[in-house]
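Novice: Numbering (UniProt numbering), first residue to last: 1 to 266. Backbone N, C-alpha and C fix where the C-beta goes; we use that ideal spot for every residue, glycine too. From a predicted model like this one, the values you see are computed outputs, not experimental measurements.
#1: Is residue 173 helix, strand or coil by DSSP?
#2: Determine the burial state of residue 63: buried for a count of at least 16 other Cβ atoms within 10 Å of its Cβ, exposed for fewer.
#3: So the candidates are 240, 236, 38 and 200; which of them puts its Cα closest to the Cα of residue 262?
#4: Mind pulling the beta strand (DSSP E) runs of 3 or more residues that sit fully within the region 173-198?
#5: Output needed for residue 111: all residues of its chain with C-beta closer than 8 angstroms, excluding positions within five of it in sequence on either side, in chain order.
#6: Do the CB positions of residue 153 and residue 265 come within less than 8 angstroms of each other?
#7: Looking at the unbroken beta strand (DSSP E) that takes in residue 213, where does it start and where does it end?
#8: What separation, rounded to the nearest whole angstrom, lies between the Cα atoms of residue 206 and residue 76?
#9: Can you give me the C-alpha to C-alpha distance between residue 122 and residue 115, rounded to a whole angstrom?
#10: When the Cα atoms are used, what is the spatial distance from residue 156 to residue 137?
#11: How many whole angstroms separate the CB atoms of residue 28 and residue 81, which I take to be in contact at a CB cut-off of 8 angstroms?
#12: For residue 181, does the count of other Cβ atoms within 10 angstroms reach 16, so buried, or fall short, so exposed?
#13: Drop a sphere of 10 angstroms on the beta-carbon of residue 231, count the other beta-carbons inside from all chains shown, and report buried for 16 or more, exposed for fewer.
#14: Any idea what DSSP makes of residue 263, helix, strand or coil?
#15: So is residue 259 buried or exposed if we call it buried at 16+ other beta carbons inside 10 Å?
#16: If distances are taken between C-alpha atoms only, which option among 98, 38 and 169 comes closest to residue 21?
#17: Could you give the distance in angstroms between the alpha-carbon of residue 41 and the alpha-carbon of residue 35?
#18: What number of angstroms, rounded off, separates the C-alpha of residue 192 from the C-alpha of residue 217?
#19: What residue range does the alpha helix (DSSP H) around residue 53 cover?
#20: Please name the residue, chosen from 133, 87, 148 and 198, that lies closest to residue 118 on a Cα-to-Cα basis.
#21: Can you give the Cα-Cα distance for residue 249 and residue 224, rounded to whole angstroms?
#22: Specify, as a first and last residue, the run of the alpha helix (DSSP H) that residue 16 falls within.
#23: Beta-carbon within less than 6 angstroms of residue 204's beta-carbon, same chain only, minus the 5 sequence neighbours each way: which residues are those?
#24: Quick check: what's the CA-CA separation for residue 129 versus residue 165?
#25: Count the other CB atoms, across all protein chains shown, that sit within 10 Å of the CB of residue 84; report buried if there are 16 or more and exposed otherwise.
#26: Give the DSSP-derived three-state secondary structure of residue 31 in the structure shown.
#27: For the region 122-164, list the beta strand (DSSP E) runs that are entirely contained and at least 3 residues long, ordered along the chain.
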């Protein structure tokens, strides 16, 4: 990708990007030099320079002719980062206010579908990270570890999720797992030593789950679903924070927990 294209992706106009790239190539430059190096019409260069100056990315030398100089790249990028972060913080405050107001007005229970490995992983990380009291996980024949092997992009997320479980335990959150395979129970115990792990190998109890169910604080549920379409496997999940539905599923999983055997890592 060209530098000018990358600059446009972070908010520069086409003219700003081309003028800024031309400035980087020169110690100092006049409008005539920038016109020759960037191909931007002289009449448009003045407007681009004013916008770059407003962003704090260039310095102006009041000579005849006027000369312009850009900040060192590291300083310029750091300034852009700070500006972007400030804007994001401001936007977050506004969005959060709107979101909370909407959530209070709309109490209808709904189930949402999340598509794609990246989005499912992000949701798992969000849910586990926000847990306050309890996390209960029912994992089956396609557990976290298997997902990491199946989806290369999930490997780093797998490590992050395992670390999050350990952090939550350190914070006092009760973390429990019910596994239907010894391999998964062993992996959980190895990676999350202080988690409570039980195993249920009752073959008379059918388990149609393809991966896992996560219940957070008895109020949110995520169920992962493997979708096989024309030979290619993708990851999907359904999520809800409906209190009644979550409480029902939590009750069923707790019943599963009670009839399962404690797993001891040998």
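Specialist: The structure says:
#1: Taking the first residue of the chain shown as 1, we reach residue 173 at position 173. Three-state DSSP puts residue 173 in coil, outside helix and strand.
#2: In the chain shown, the residue the question calls residue 63 occupies position 63. Exposed, since its Cβ has fewer than 16 Cβ neighbours within 10 Å.
#3: On the chain shown, residue 262 is found 262 positions in, with the first residue counted as 1. That would be 200, whose Cα lies nearest to the Cα of residue 262.
#4: 174-179
#5: The residue given as residue 111 occupies position 111 in the chain shown. Closer than 8 angstroms at Cβ, skipping near neighbours: 238, 239, 240, 242 and 245.
#6: As a position in the chain shown, residue 153 is number 153, starting the count at 1. As a position in the chain shown, residue 265 is number 265, starting the count at 1. Against a cut-off of 8 angstroms, the Cβ pair of residue 265 and residue 153 comes out as no contact.
#7: Against the chain shown, residue 213 aligns to sequence position 213. Unbroken beta strand (DSSP E) run through residue 213: 212-216.
#8: For this step, residue 206 is matched to residue 206 along the chain shown. For this step, residue 76 is matched to residue 76 along the chain shown. Only weak support is given to the placement of residue 206: the predicted model assigns it a pLDDT of 47, under 50, and the question is left unresolved by the model.
#9: Position 122 of the chain shown holds residue 122. Position 115 of the chain shown holds residue 115. Those two C-alpha atoms are separated by around 11 angstroms.
#10: Locating residue 156 in the chain shown gives position 156, counting from the first residue. Locating residue 137 in the chain shown gives position 137, counting from the first residue. Their backbone Cα atoms lie some 20 angstroms apart in a straight line.
#11: Counted from its first residue, the chain shown places residue 28 at position 28. Counted from its first residue, the chain shown places residue 81 at position 81. Not really, about 25 angstroms apart at Cβ, beyond 8 angstroms.
#12: Within the chain shown, residue 181 is the residue found at index 181, counting from 1. Counting Cβ neighbours within 10 Å, residue 181 comes out buried, since at least 16 surround it.
#13: As a working mapping, residue 231 is identified with position 231 in the chain shown. With a pLDDT of only 41 at residue 231, under the threshold of 50, the placement of this residue in the model should not be trusted, and no figure is reported.
#14: If you number the chain shown from 1, residue 263 lands on position 263. In the displayed model, residue 263 falls within coil according to three-state DSSP, outside both helix and strand.
#15: Locating residue 259 in the chain shown gives position 259, where the first residue counts as 1. Under this definition residue 259 is an exposed residue.
#16: As a first step, residue 21 is located in the chain shown; it is residue number 21 there, counting from the start. For the residues 98, 38 and 169, the minimum Cα distance to residue 21 belongs to 38.
#17: Working through the chain shown from its first residue, we reach residue 41 at position 41. Working through the chain shown from its first residue, we reach residue 35 at position 35. Distance between the alpha carbons of residue 41 and residue 35: 6 angstroms.
#18: As a working mapping, residue 192 is identified with position 192 in the chain shown. As a working mapping, residue 217 is identified with position 217 in the chain shown. Between residue 192 and residue 217, the C-alpha separation is close to 19 angstroms.
#19: Walking along the chain shown from the start, residue 53 turns up at place 53. 42-54 is the span of the alpha helix (DSSP H), which, as asked, contains residue 53.
#20: In the chain shown, residue 118 corresponds to position 118, counting from 1. If we check each option's Cα against that of residue 118, 148 comes out closest.
#21: Taking the chain shown and counting its residues from 1, the one referred to as residue 249 is at position 249. Taking the chain shown and counting its residues from 1, the one referred to as residue 224 is at position 224. Their backbone Cα atoms lie some 14 angstroms apart in a straight line.
#22: In the chain shown, the residue the question calls residue 16 occupies position 16. 14-25 is the span of the alpha helix (DSSP H), which, as asked, contains residue 16.
#23: For the purposes of this step, residue 204 is taken as residue 204 along the chain shown, with counting starting at 1. At residue 204 the pLDDT is 48, less than 50, meaning the model places this residue with poor confidence and gives no usable figure here.
#24: The residue labelled residue 129 in the question sits at position 129 within the chain shown. The residue labelled residue 165 in the question sits at position 165 within the chain shown. Looking at the two C-alpha atoms, the distance is approximately 8 angstroms.
#25: As a first step, residue 84 must be located in the chain shown, where it is residue number 84. It counts as exposed.
#26: Reading the chain shown from its first residue, position 31 is the one you call residue 31. Three-state result, residue 31: helix.
#27: The region 122-164 contains these whole beta strand (DSSP E) runs: 134-139.
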